[in-house]
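Taking it in order: structure first as structure tokens, then the write-up.
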Amino acid sequence: MNEKSLIPEKFLKPYNPGSTESRIYEMWEKSGYFNPDKLPLRQQKGEPFSIVLPPPNVTGTLHMGHAAMLAIEDIMIRYKRMQGFKTLWLPGTDHAAIATQSKVEKEIEKKEGKRRHDLGREEFLKRVDTFAQESHDTIVNQVRKMGASIDWSREAFTLDEKRSLAVRTAFKTMHDLGLIYRGSKVINWDPKGQTTISDDEIVYETRKAKLYTFKYSKDIPITISTTRPETKLGDTAIAVHPDDVRYQQYIGKEYDVVFAGESIHIRVIADTAVEPEFGTGALGVTPAHSAIDWDMAQRHDLPLKQVIDEFTKMTAGNESIKGKKVGEARTAVVEWLKSEGLLEKEEDIEQNVATAERTGAVIEPLPKLQWFIAVNKKFTLPYSNIRGLPSGSETTLKEIMLKAVKSEETNPDGSIEIIPERFERVYFNWINNLRDWCISRQIWYGHRIPVWYKKEKTVNSKQKTEEAEIYVGTEAPTGEGWEQDSDTLDTWFSSGLWTFSTLGWPEKTIDLKTFHPTSVLETGYDIIFFWVARMILMTGCLVGEVPFKTVYLHGLVRDGKGKKMSKSLGNIIDPLDMIEKYGADATRLSLIIGTGPGNDSKLSEDKVKGYKNFGNKIWNITRFILSSAAGERYGLTSVEKIAYDPQFKDWTSAESTYLKQLNDLITEITKEMEEYKFYLVGEKLYQYVWAELADKILEESKPILNGDDAEARTARVQFLLHALNTVLRALHPFMPYVTEEIWQEMNTGKSMLIVEEWPKN
RNA sequence: GGGCGAUUAGCUCAGUUGGUAGAGCAAUCCAUUUACACUGGAAAGGUCACAGGUUCGAGUCCUGUAUCGCCCACCA
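Residue numbers (my numbering): 3 to 763.
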């Protein structure tokens, strides 16, 4: 081939993703086709199809898991757009409250040696905002590089003005329904982060611990076991199983003793929560420092006695205990037990220790006055579209969550389908164990709780809340002396509103009417509880709808050896690196092929490289076909160029066979697209293009294209053009850049593949 | 303690309602400028974790076992 070539010059060189991708993305953006309101008429009139992007945290940069998420969602969106749906893919980012705050706190401490309290709330929040803005810009750039056909004009942030109004409205509405309440109970306290956290933000770590078996006093006949002797200063009861014959005679008895310098009053109670087989079968009840004991205390009306403060220091006990950290106090209590001759046994055991997900600190259960969402409380659902829950019916948030999701066995009428199905059971199991959700956090970054107090806020949990005048509303109350609650909301409170807060709620917008419920929620299986369940709860309660019809869960992207990618292992593959080296198309394909929904996938650089070669293969196939159509193939450059004729019918028997094979493939993959089996579609198209079209059909065509039979040549060229045209359409959702680039060259810019039709037979 | 998933070629994984085991990568041999070396062709490679069962027939269905991984609970 030479400079006289009749085909576009760029096909004379290998495909270069680097010089193509940003140009194509810009072209798409300018076309307006990412925005459903600016789509061509065919899509304008189509059924709505919507996905809201699970907002990445503004804590830094995107990783391969995000890249996989973007690839899968873009495939769904592009496929539906080509099919003629009015598609909306809505982008956004998440302020990620505690995650972002602790990240910035660490940075400031490292660089300036200052803590957040040294800077003050206002200055600290300014710093966080700056950091969040930078992260946001990085993330947006990465999303673009992946080729995401997402509607930037509707971009949202969980902490922006509109979302803030949504949060305040949600809080007020749920408060008025009686679902949000303020109460004092044992919560998970993160002493390092100095905040409460929810049950889901706890990570259990297996550690070695000592189990101590002892008596409180010689005056109490029952022996108990614990790994935390220091908390026993706060005990108010001994619990045994009601059927335990060993302790029948003691049930109901009360004792007053002095334990390590602290006067304690112990009542013996019977509760079925006690496991008679474990230890001595008797358990010391510490209502203030154990959630389970707190529950037990509620059942038996036991008093609460706090002996540990927010800084994990003892507030009771003798002089070697009081004021000490719990670790030291534990040793001191054990010493005291020994000196009194009360310690009977000391054994090594493995224990699961609750730690805070973000800070790694050991959780200290403490009684505190916090805001909660009641999941089991009955209320009247004002409006509902959810199957099995008519408007005005009496229900609970738990029931909303149970009714919304489909389950073959227990709830066949549920409208939300989870893919893969096996996660349905995981979901239901979690809901059945669900307790009230603690939503207040003692951190600064986030949505401030929309509650104002007239008098001084109650600090001590023992004081009664009625002392302060309380106002709950979307705006600050008028008049003097009101002070807003200093706490912020759990980040998942605002994330829970995501499908509708992004569409304009609480306003009754056209977007909300058109695109809600959203079609698909595509996210990682690791946040099914954090997010998926909370969205169903919030949406059901506030909008009376399900937030989405289908939940598609993807797995974790691991390294080539199946290990979790992490900084400490140094095995992180950066999506931007891969895009730069091999292109976004190759990166996308490598994240799709070889992994089904809900399964973890393995990614190696070789895999990405392989799919880069595939992009070039398509490029070369195009070169071959275009030069054949131009007459170059058979050395007759003066022959009239053959233009693609979609109506062409004069096939030979070979071409009819090829056509049938291609049509069958299209039927198959269209079915698989509907079943969300993208990995199969990607693989089948790869297989067809390389092994069939290139290696067999093209090779077999060479003698015909070089032969004398003009009719045969025309038929063959028509088939090749048809096959290429079809394959480009089918591959577009997977490899949008290279397919669009070829399409532009073939159609001289007269149409855009992004809005062309998905192939039909 | 409860639940879920995986186990198929050296590696990564497909295998649709049961009907002669499939692909990519790697390795082997051949081809050397071919639309494409980001290449083509050929051959090789498997007791489908194990043990039973159902069946004319099981990678696929049933029961059990083992190993690995994950999730939930948190027994003090």
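Using N, Cα and C, we set each Cβ at its ideal position, and we do this for glycine too.
Does the Cβ of residue i have 16 or more other Cβ atoms within 10 Å, making it buried, or fewer, making it exposed?
i    : result
D561 : buried
G751 : exposed
E426 : buried
A586 : buried
S52  : buried
E256 : exposed
L344 : buried
M3   : Because M3 sits at a pLDDT of 37, beneath the cut-off of 50, its placement in the model cannot be relied upon, and the following sentence gives the value as read from the coordinates. Answer is exposed; the Cβ neighbour count stays below 16.
A725 : buried
G684 : buried
K128 : exposed
H291 : buried
F280 : exposed
T1   : As shown, the chain starts at 3 and ends at 763. That puts residue 1 outside it, with no answer to give.
E759 : exposed
H119 : exposed
T228 : buried
R83  : buried
Can you give me the C-alpha to C-alpha distance between residue i and residue j, rounded to a whole angstrom?
i    : j    : result
P705 : T22  : 34 Å
K466 : F133 : Residue confidence is low: K466 scores 48 on pLDDT, short of 50, so the model does not pin down where it sits. Its coordinate-derived value is still stated next. Taking the straight line joining both Cα atoms gives about 40 Å.
R301 : H449 : 35 Å
I26  : Q144 : 15 Å
P140 : N59  : It is worth fixing the name first, because residue 140 is Thr in this sequence and not Pro. Their Cα atoms are separated by approximately 12 Å.
F736 : L682 : 12 Å
W533 : A318 : 40 Å
K662 : A656 : 10 Å
N749 : I421 : 38 Å
V377 : G185 : 14 Å
K459 : P452 : Because the pLDDT of K459 is 47, which lies under 50, any placement of that residue in the model is unreliable, and the number read from its coordinates should be weighed accordingly. Cα to Cα, K459 sits roughly 14 Å from P452.
E674 : I77  : 13 Å
P16  : H97  : 43 Å
Y554 : L523 : 6 Å
K762 : E582 : 34 Å
K340 : I574 : 51 Å
G598 : K370 : 44 Å
F13  : K400 : 60 Å
W296 : P519 : 40 Å
S658 : Y81  : 27 Å
Would you call the CB atoms of residue i and residue j closer than 8 Å?
i    : j    : result
A239 : I271 : yes
A275 : L544 : no
Y35  : I756 : yes
P56  : T541 : no
L558 : D602 : yes
G823 : P19  : Because residue 823 is not part of the residues shown, which for the chain are 3 to 763, the question remains open.
I100 : R443 : yes
T61  : K194 : no
R123 : S503 : no
K379 : L121 : no
F626 : Q720 : no
T501 : F430 : no
F517 : P93  : no
Judging by CA-CA distance, which residue of the options is the nearest neighbour of residue i?
i    : options                   : result
E482 : L499, I530, S503 and W454 : W454
I402 : N387, E410 and D587       : N387
E471 : W484, T480, E477 and K456 : K456
Y473 : H177, E264, S137 and P58  : H177
E312 : K88, V188, K698 and K113  : V188
T63  : E75, E157, P577 and E701  : P577
D131 : L368, T160, N320 and H243 : T160
A406 : R248, V548, V364 and P223 : V548
E349 : I222, T215 and W296       : T215
D258 : R118, I268, K105 and L179 : I268
Q45  : G86, T552 and T282        : G86
Q353 : V247, R209 and K327       : R209
The ligand PLP and residue i: does the residue's C-beta get closer than 7 Å to at least one heavy atom of that ligand?
i    : result
R301 : This structure simply doesn't include the ligand PLP, nor any ligand for that matter.
### Message
Could you tell me which whole beta strand (DSSP E) segments of length 3 or greater appear in the stretch 340-388?
### Response
Complete beta strand (DSSP E) runs here, min 3: 345-358 and 366-375.
### Message
Give the list of continuous beta strand (DSSP E) stretches no shorter than 3 residues that lie fully inside the stretch 187-222.
### Response
Within the stretch 187-222, complete beta strand (DSSP E) segments of at least 3 residues are found at 197-199 and 204-216, given in chain order.
### Task
Would you mind listing the alpha helix (DSSP H) stretches within the stretch 74-141 that are 4+ residues and don't spill past its ends, in chain order?
Those alpha helix (DSSP H) runs which fall completely within the stretch 74-141 and span 4+ residues are 99-114 and 118-121.
### Query
In the stretch 672-742, which residue ranges form an unbroken beta strand (DSSP E) of at least 3 residues, counting only runs that do not cross its ends?
For the beta strand (DSSP E) assignment, the stretch 672-742 encloses no uninterrupted run of at least 3 residues.
### Message
Just to confirm the assignment: which complete beta strand (DSSP E) runs, minimum length 3, are found wholly within the stretch 532-605?
### Response
Fully enclosed beta strand (DSSP E) runs of no fewer than 3 residues occupy 550-556, 559-561 and 603-605 of the stretch 532-605, in order along the chain.
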